[in-house]
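Student:
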Amino acid sequence: MFLPATFNLGVVGSPAESIEFPVIEVYDTEAEFISSTDAPDYTIVHAKDTDKLYVWDGSAWFLYINDSTV
Amino acid sequence: MSTLTTHTTASRDSHSIGLCKFNTTRKAIEVSDGTSWLVYDYDQAIGYAGNSYGVSYDGTDDYHEVALDGTSTGGVLASSDTDIELTLSFWFNPSGGDIFGWQSTPAASTPTILFTPQSSAGTTYKIYYAGNYRHTFSSSEIVVGSWNHFMITRTASNNTWSIFCNGNSTPVDTYVQSGSLTSRVNMTNMYFSRAYYGYGQNVFDEIAFWNSDQSSNLSSISALLPHVHGSPQI
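Read top to bottom, the protein sequences are chains H and P. Sequence positions in the first sequence follow my numbering and run 1 to 70. Sequence positions in the second sequence follow my numbering and run 1001 to 1234.
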């Protein structure tokens, strides 16, 4: 069973206001989820061992390679 | 839920700063800055027929021979010529020379299907099928130096060949062939970037063949875009 994390839409306000950022599920390894085919369509996750983003479109995981880390 | 909402290349959402969408056409993550979409194309896919690579042919000695038997005896197509259904689809970026042939030898003079320049050094292309050169492509149908989608289909129900360019549902050419399939005995190998005139300087991507008519799926087939629109890894 694929259990996605809660995704909160962030609102960027003035510096005096608190800032809430979107949060996506972060896995330690790609292997934890890459074989899952029951994720909700268009689920977005991150894997720490590859530093890639992943989107499940209902038939495949599409991978986005990290270009740089700052 | 950590899911993205979607839109398509043809019908993107209205801009809103920070809006993040999944583009179902090109499988890209897109973020609006208020006036433009910042597009993040995918680099790889798992569990999917596509990948991030294309194949580049140098025009000198590169080509691929794919043994695919389309003859009437034991091949992948129906034995009776009038029952043949097929679809061949690919994206290609031509710079000159031959594109494709379904024939017995690399430079055969009796092909079944031949996609070639009008002359050995030309970049105006024509296609031979059903026993004759049936169509010469205009410069807008096949753009040299750009990615072009090509699809040829044949139906068994009405024996109609159709040639589609760049996902347009209106074929650039059709032909009804109720008789036998010309030179079918030579329909033994597919050659990419090599045919009658020699070698072609091309980049190919997303080559696919069906022994069925897939013209009703043209839009989804042609949506399998060459990676990052012109810059596949090769």
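Cβ atoms here follow ideal geometry from the backbone N, Cα and C, with glycine treated the same way. Note that the coordinates shown come from a computational prediction; the quantities given were computed from them, not determined experimentally.
Listing by chain order, which chain H residues have their CB less than 8 Å from the CB of residue 1046(P)?
Tutor: As a first step, residue 1046(P) must be located in the second sequence, where it is residue number 46. The answer, in chain order, is 34, 60, 61 and 63.
Student: Out of 1042(P), 1172(P) and 1141(P), which has the shortest C-alpha to C-alpha gap to residue 66(H)?
Tutor: In the first sequence, the residue the question calls residue 66(H) occupies position 66. Ranking the options by Cα distance to residue 66(H), first place goes to 1042(P).
Student: Please report the straight-line C-alpha distance between residue 1217(P) and residue 29(H), rounded to a whole angstrom.
Tutor: As a position in the second sequence, residue 1217(P) is number 217, starting the count at 1. As a position in the first sequence, residue 29(H) is number 29, starting the count at 1. Each residue's Cα considered, the two are about 36 Å apart.
Student: At a CB-CB cut-off below 7 Å, which residues of chain P make contact with residue 27(H)?
Tutor: Within the first sequence, residue 27(H) is the residue found at index 27, counting from 1. By Cβ distance, chain P contributes nothing, its closest Cβ being about 12 Å from residue 27(H), past 7 Å.
Student: Is the CB of residue 1002(P) under 7 Å away from at least one CB in chain H?
Tutor: In the second sequence, the residue the question calls residue 1002(P) occupies position 2. Residue 1002(P) counts as touching chain H.
Student: Since I believe residue 1114(P) is in contact with residue 1195(P) (beta carbons under 8 Å), could you give me their beta-carbon distance rounded to a whole number of angstroms?
Tutor: Your numbering for residue 1195(P) matches position 195 in the second sequence. Your numbering for residue 1114(P) matches position 114 in the second sequence. Residue 1195(P) to residue 1114(P), Cβ: 6 Å. Contact.
Student: Just list the alpha helix (DSSP H) runs in the stretch 1024-1081 of chain P, keeping only unbroken ones of 4 residues or longer that don't cross its boundaries, in chain order.
Tutor: Counting only runs of 4 or more, we get nothing.
Student: When you compare the CB of residue 1033(P) with every CB in chain H, is at least one pair closer than 7 Å?
Tutor: Taking the second sequence and counting its residues from 1, one reaches residue 1033(P) at position 33. False, the Cβ-Cβ gap to chain H never drops below 7 Å.
Student: Buried or exposed for residue 1099(P), going by 16 or more other Cβ atoms inside 10 Å?
Tutor: As a working mapping, residue 1099(P) is identified with position 99 in the second sequence. Answer is buried; the Cβ neighbour count reaches 16.
Student: Taking the beta carbon of residue 1015(P) as the centre, do at least 16 other beta carbons fall within 10 Å, making it buried, or is it exposed?
Tutor: Within the second sequence, numbered from 1, the residue matching residue 1015(P) stands at position 15. Exposed is the call here.
Student: Closest to residue 1223(P) by C-alpha separation, out of 1187(P), 1166(P) and 1180(P), would be which residue?
Tutor: Taking the second sequence and counting its residues from 1, the one referred to as residue 1223(P) is at position 223. Checked all of 1187(P), 1166(P) and 1180(P); the closest Cα to residue 1223(P) is 1166(P).
Student: Is there contact here, the stretch 52-62 of chain H with the stretch 1018-1031 of chain P, by at least three beta-carbon pairs under 8 Å?
Tutor: Yes, since at least three Cβ pairs between the stretch 52-62 of chain H and the stretch 1018-1031 of chain P fall closer than 8 Å, the two stretches touch.
Student: Quickly, what does DSSP pair residue 1199(P) with across the bridge? List them, please.
Tutor: By 1-based counting over the second sequence, the position of residue 1199(P) is 199. According to DSSP, residue 1199(P) bridges with 1194(P).
Student: What residues in the stretch 44-55 of chain H have a beta carbon less than 9 Å from any beta carbon of chain P?
Tutor: From the stretch 44-55 of chain H, only 44, 45, 52, 53, 54 and 55 have a Cβ closer than 9 Å to chain P.
Student: Under 7 Å, Cβ to Cβ, is there at least one residue of chain H near residue 1054(P)?
Tutor: Position 54 of the second sequence holds residue 1054(P). False, the Cβ-Cβ gap to chain H never drops below 7 Å.
Student: Counting only Cβ pairs nearer than 8 Å, list the residues of chain P close to residue 57(H).
Tutor: The residue you call residue 57(H) lines up with position 57 of the first sequence. Correct list: 1022, 1024 and 1027.
Student: Can you list, in chain order, the residues of its chain whose CB lies under 6 Å from that of residue 1039(P), leaving out five sequence neighbours each side?
Tutor: Within the second sequence, residue 1039(P) is the residue found at index 39, counting from 1. Excluding positions up to five away in sequence, the list reads 1028 and 1030.
Student: So what does DSSP say about residue 34(H), is it helix, strand or coil?
Tutor: For this step, residue 34(H) is matched to residue 34 along the first sequence. In the structure shown, residue 34(H) sits in coil (DSSP, three-state: anything other than H, G, I, E or B).
Student: Can you confirm whether the stretch 1110-1127 of chain P touches the stretch 1205-1221 of chain P when touching is taken to mean that 3 or more C-beta pairs between the two stretches lie within less than 8 Å?
Tutor: The stretch 1205-1221 of chain P vs the stretch 1110-1127 of chain P: no contact.
Student: Going by C-alpha distance, which of 1045(P), 1017(P), 1023(P) and 1021(P) is nearest residue 1034(P)?
Tutor: The sequence position of residue 1034(P) within the second sequence is 34, counting from 1. It is 1017(P).
Student: Where does residue 65(H) fall in DSSP's three states?
Tutor: By 1-based counting over the first sequence, the position of residue 65(H) is 65. Coil.
Student: Pick helix, strand or coil for residue 53(H), following the three-state DSSP scheme.
Tutor: As a first step, residue 53(H) must be located in the first sequence, where it is residue number 53. Looking at residue 53(H) - three-state DSSP - the assignment turns out to be strand.
Student: Among the candidates 1155(P), 1067(P) and 1151(P), whose CA atom is the shortest distance from the CA of residue 1220(P)?
Tutor: The residue you call residue 1220(P) lines up with position 220 of the second sequence. Ranking 1155(P), 1067(P) and 1151(P) by Cα distance to residue 1220(P) puts 1151(P) first.
Student: Assuming residue 1168(P) and residue 1092(P) form a contact by the criterion Cβ under 8 Å, report the distance between their Cβ atoms to the nearest whole angstrom.
Tutor: To locate residue 1168(P), count along the second sequence from 1; it is residue 168. To locate residue 1092(P), count along the second sequence from 1; it is residue 92. About 16 Å; that fails the 8 Å criterion.
Student: Compare the C-beta of residue 1205(P) with all C-beta atoms of chain H and state if any pair is closer than 7 Å.
Tutor: As a position in the second sequence, residue 1205(P) is number 205, starting the count at 1. Not an interface residue.
Student: Give the straight-line distance between the Cα atoms of residue 1231(P) and residue 34(H), rounded to the nearest whole angstrom.
Tutor: As a first step, residue 1231(P) must be located in the second sequence, where it is residue number 231. As a first step, residue 34(H) must be located in the first sequence, where it is residue number 34. In this predicted model, residue 1231(P) has a pLDDT of only 47, less than 50, meaning its place in the structure is not dependable enough to derive any value.
Student: Are the stretch 1064-1071 of chain P and the stretch 1119-1135 of chain P touching by the rule of at least three beta carbon pairs closer than 8 Å?
Tutor: Touching, no, given that fewer than three Cβ pairs across the two stretches are closer than 8 Å.
Student: Using 7 Å as the limit for Cβ to Cβ distance, is residue 1069(P) near chain H?
Tutor: In the second sequence, the residue the question calls residue 1069(P) occupies position 69. False, the Cβ-Cβ gap to chain H never drops below 7 Å.
Student: Look at the alpha carbon of residue 1200(P) and the alpha carbon of residue 1207(P), and state the distance between them as a whole number of angstroms.
Tutor: Reading the second sequence from its first residue, position 200 is the one you call residue 1200(P). Reading the second sequence from its first residue, position 207 is the one you call residue 1207(P). Straight-line Cα distance between these residues: approximately 16 Å.
Student: Helix, strand or coil for residue 1220(P)? Go by DSSP, reduced to three states.
Tutor: Translated into positions along the second sequence, residue 1220(P) becomes position 220. Note: residue 1220(P) maps to helix in three-state DSSP.
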